[in-house]
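Q: Quick one: structure below, then a few questions.
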Amino acid sequence: MRVLFTSAPEPGCAAESAGAWPPLALVHLAGAARAAGHECELVDALSLGLGAPDVDRIIQASAPEVVCVSAATAGFPAAMEMCRRARGLGCTTVVGGIHASFMYSEFLPTGSADFAVVGEGEETLPELLRCLDAGDDPARVAGVAFSLGGRVVRTAPRPRMAALDPLPKAWDLVDWSRYSWVGRPASRMGAIMTSRGCPKQCASCSQATQYEGTWRARSPECVAYELTLLRRDHDVDVVGFYDHAPAGDGARFADLLARVTELDLGLDVVLWSSVHDLLRDESVLAHWRAAGVVHVGLCRDPADDRLEGRAEERALADGRRAVKAMRDHGITSEATFWLGFPDETPQRIEDLLLRARAWDPDVAHFSFVTPLPYTPAWRLYGSHLATRDYRRFNHREPVVKPREMSLDDVASSAARSYRRFYAERAAQDPVREGRRSGPWRVHLSAPALRDRMLEGATEEERRALAPLSLVPRA
Ligand code: B12
Ligand code: SF4
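To get our numbering, take the position in the sequence shown, counting from 1, and add 97.
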């Protein structure tokens with residue numbers, strides 16, 4: 098079958114500020130479909146900044162029989178719009194990803210999409226495509242949901258894949274000129290998934306629902322080989338590890354780092370890690386750096402910003418130590434500090450800023466608690482939601498209404514926290530302090546946030562921020 102794969106465009110999403118990151122889910126899915134004999138095309142609407150009408154034109158030009166759309170919750174309304182249009186053009190539509198996996202009974206009855214793939218797609222999608230091609234009954238394909246005669250059919254659950262090593266990737270379908278990491282201008286960014294899941298199950302994290310605390314890893318040999326191919330065949334010089342917990346197993350990660358170091362590929366690595374894994378490896382962080390790790394995003398559960406007493410002190414001391422250890426090894430760090438809880442107050446937001454200063458990461462985000470409907474956080478904060486417009490479930494717009502603050506006040510407070518954190522940072526001597534200018538100034542160039550951030554800025558703050566390209570130059 099002719100299959101077109103696309104990400105859902107979402108105006109104002111991270112792509113605007115974090116740069117264009119390669120669409121690894123589509124690369125995996127197209128790889129699997131192509132290995133099963135289908136003809137595949139890949140359009141990363143999210144990174145290309147394409148809207149649904151643009152994708153319409155592409156569909157009309159290439160006339161696929163099936164259109165597959167990937168989206169997280171914030172991109173889901175756009176995904177539905179794309180599916181509606183694709184169906185109007187006579188295509189069968191398949192939607193997948195975490196939101197589709199849990200919310201199919203909400204959107205399938207609207208008739209926008211034909212099929213939702215529940216869970217991992219690499220095995221389910223080729224089976225579904227084969228079934229559609231043969232005109233068989235999709236009820237026999239495990240791991241899908243669809244509407245039939247006004248009711249939603251959910252087929253048998255598909256077990257998580259036992260082997261993650263042999264998955265084919267369709268990197269040749271990607272327009273490489275698009276992908277560059279903001280921390281390295283003119284770089285070519287690739288991506289890899291070295292493990293799936295995370296042993297922790299934080300209440301606000303969708304992966305905890307998706308993988309239920311399971312963690313599966315690929316073999317270090319296979320990961321090293323794939324990195325070699327990205328470097329050799331695609332000229333990639335920065336690679337994002339898209340895992341939730343790549344360092345989840347210390348011995349395996351040490352083995353992986355040793356192999357990558359020995360290969361000396363000249364690849365910079367950007368990854369996510371928990372403070373726990375970082376501190377476990379504190380004495381061997383030089384090995385992380387030697388293997389190319391240049392930047393680490395630290396996972397912070399929003400609940401960490403409601404810890405009290407000894408637990409709070411310990412979390413703060415650990416976070417601070419992890420950031421310092423990375424800085425000592427020339428690795429930049431990024432951490433999110435959460436606000437917009439139902440019990441939010443101006444004082445708590447002030448305390449949050451103090452916490453961010455104490456952690457002292459190179460990049461700090463002040464993001465809004467966002468209870469996704471399929472996470473435990475939904476039960477905790479769902480009754481305080483001001484909207485169910487999923488486009489706003491992007492952590493950058495407040496959706497929970499605090500009892501004592503308006504949504505607008507919370508949004509302004511977040512912008513003010515950004516401004517104060519970065520104005521203060523800019524006034525320091527980054528070289529003396531050992532801080533990197535890193536990728537964070539680019540992160541903050543997202544226009545909506547920047548404008549709000551500059552509202553009410555003093556002249557001194559504006560002057561401090563100007564060299565960091567936060568202030569639009571005249
Ligand atoms: C890379 C990335 C990005 C890139 C996307 C680049 C791109 N062009 O696709 C950028 C930086 C642009 C980005 C943006 C955003 N992201 Co993001 N991102 C990720 C990240 C790190 C990796 C995603 C990935 O490719 N994984 C690897 C693939 C192989 O796994 P997968 O996506 O789970 O896909 C599998 C299945 O889900 C399924 N599947 C997925 N899609 C489809 C589609 C079909 C048709 C089928 C059959 C199956 C299927 O099959 C795949 C293979 O098994 C994840 C965290 C993570 N580790 O997954 C966060 C994550 C997906 N992002 C998240 C968020 C919040 C956002 C933003 C809202 C951030 C913001 N403030 O703007 C935006 C929203 C963008 C949007 N419109 O959806 C959250 C999503 C929360 C949620 N459940 O909604 C995540 C989970 C991070 C987190 N833990 O909070 N993101
Ligand atoms: S927030 Fe981070 S540590 Fe917690 S479950 Fe999600 S990926 Fe794991």
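Here a beta-carbon is modelled for each residue, glycine too, at the ideal position from N, C-alpha and C.
Going by beta-carbon coordinates alone, are Glu203 and Ala129 separated by less than 8 Å?
A: Not a contact, by the Cβ cut-off of 8 Å.
Q: Report the three-state DSSP secondary structure of Arg532 (helix, strand or coil).
A: In this prediction, Arg532 has a pLDDT of 48, which is less than 50 and means its spatial position is unreliable; nothing more can be read from the coordinates.
Q: So, is Arg248 buried or exposed, given that buried needs 16 or more other C-beta atoms within 10 angstroms?
A: Result: exposed.
Q: So, under 8 Å CB-CB, Tyr591 and Cys295 are touching, yes? Tell me the CB distance rounded to an integer number of Å.
A: Within the shown structure, residues of the chain are numbered from 98 to 571, placing residue 591 beyond reach of any answer.
Q: Is Gly193 helix, strand or coil by DSSP?
A: In this structure, Gly193 counts as strand in the three-state DSSP scheme.
Q: Taking contact to mean 3 or more Cβ pairs, one atom from each stretch, closer than 8 Å, check whether the region 308-327 and the region 412-423 are in contact.
A: No: the two stretches stay apart, fewer than three of their Cβ pairs being nearer than 8 Å.
Q: Using the beta-carbon count (16 or more within 10 Å), is Leu205 buried or exposed?
A: Buried, because 16 or more other Cβ atoms sit within 10 Å of the Cβ of Leu205.
Q: Report the rounded CA-to-CA distance for Ala455 versus Arg418, giving the unit in angstroms.
A: Approximately 10 Å, taken between the alpha carbons.
Q: Can you tell me whether DSSP reads Phe463 as helix, strand or coil?
A: Here Phe463 sits in strand by DSSP.
Q: Could you work out which residue in Asp332, Phe438, Trp385 and Tyr471 is closest to Arg500 when comparing CA atoms only?
A: Out of Asp332, Phe438, Trp385 and Tyr471, Phe438 has the C-alpha closest to the C-alpha of Arg500.
Q: With DSSP collapsed to three states, give me the class of Leu562.
A: In the structure shown, Leu562 sits in a helix (DSSP, three-state: H, G or I).
Q: Alpha carbons only, please: which of Val124, Thr472, Ala122 and Ala512 is nearest the one belonging to Gly310?
A: Considering only alpha carbons, the answer is Thr472.
Q: Considering Cα atoms alone, identify which of Asp459, Pro458 and Val496 is closest to Trp475.
A: Considering only alpha carbons, the answer is Val496.
Q: Along the chain, where does the alpha helix (DSSP H) containing Glu220 start, and where does it finish?
A: Unbroken alpha helix (DSSP H) run through Glu220: Gly218 to Ala231.
Q: According to DSSP, Cys180 sits in a beta bridge with which residue or residues?
A: Beta-bridge pairing links Cys180 to no other residue.
Q: Rounded to the nearest angstrom, what separates Arg99 and Arg397 at their Cα positions?
A: Rounded to whole angstroms, Arg99 to Arg397 spans 41 Å at the Cα level.
Q: Which of the three DSSP states, helix, strand or coil, is assigned to Asp365?
A: Of the three classes helix, strand and coil, the one that applies to Asp365 here is strand, per DSSP.
Q: Report yes if the CB atom of Leu147 is closer than 8 Å to the CB atom of Phe102, and no otherwise.
A: No, Cβ-Cβ distance for Leu147 and Phe102 is not below 8 Å.
Q: Looking only at its own chain, which residues have a Cβ that is under 6 Å from the Cβ of Val539, when we skip the five neighbours before and after it?
A: Low local confidence applies: a pLDDT of 40 at Val539 is under 50, so the model's placement there is unreliable, and no value is given.
Q: With a 10 Å radius around its C-beta and 16 neighbouring C-beta atoms as the bar for buried, classify Tyr322 as buried or exposed.
A: Result: exposed.
Q: Please confirm whether any heavy atom of the ligand SF4 lies closer than 7 Å to the CB of Ser292.
A: False, no ligand heavy atom lies under 7 Å from that Cβ.
Q: Thinking C-alpha only, which one of Phe350, Arg349 and Ala288 is nearest Leu324?
A: Looking at the Cα atoms, Ala288 is the closest of the given residues.
Q: Near Asp548, which residues of its chain fall below 7 Å by C-beta distance, leaving aside the five closest residues on each side in sequence?
A: Correct list: empty, nothing qualifies.
Q: I need the boundaries of the alpha helix (DSSP H) containing Ser514, first residue and last residue.
A: Where Ser514 is concerned, the enclosing alpha helix (DSSP H) stretches over Leu504 to Ala524.
Q: Glu409 lies in the alpha helix (DSSP H); which residues open and close that run?
A: Start and end: Gly406 to Asp425.
Q: Considering just the uninterrupted stretch of the beta strand (DSSP E) at Gly287, what are its terminal residues?
A: It spans Met286 to Ile289 - the beta strand (DSSP E) in which Gly287 sits, taken as one unbroken run.
Q: Give the range of the beta strand (DSSP E) segment to which Thr433 is assigned.
A: It spans Thr429 to Leu436 - the beta strand (DSSP E) in which Thr433 sits, taken as one unbroken run.
Q: With a cut-off of 8 Å, do at least 3 Cβ pairs link the region 344-354 to the region 235-244?
A: No contact exists between the region 344-354 and the region 235-244.
Q: Within the continuous beta strand (DSSP E) that includes Ala242, where are the two ends?
A: It spans Val241 to Leu245 - the beta strand (DSSP E) in which Ala242 sits, taken as one unbroken run.
Q: With a cut-off of 8 Å, do at least 3 Cβ pairs link the region 429-437 to the region 457-465?
A: Because the criterion of three Cβ pairs below 8 Å is met, the region 429-437 and the region 457-465 touch.
Q: Is Val166 near Val124, with beta carbons less than 8 Å apart?
A: No, these two residues do not count as a Cβ contact at 8 Å.
Q: What residues in its chain sit with their C-beta under 8 Å from that of Glu494, if we drop five residues either side in the sequence?
A: Within the same chain, Glu494 has close Cβ partners Phe465 and Ala508.
Q: Is any non-hydrogen atom of the ligand B12 found closer than 7 Å to the C-beta of Tyr339, if you look at the structure I gave you?
A: Yes.
Q: Going by C-alpha to C-alpha distance, which of Asp448, Thr429, Ile446 and Arg560 sits closest to Gly370?
A: With the sequence shown as reference, residue 370 is identified as Ser, and Gly is not the correct amino acid for it. Nearest C-alpha to Ser370: Thr429.
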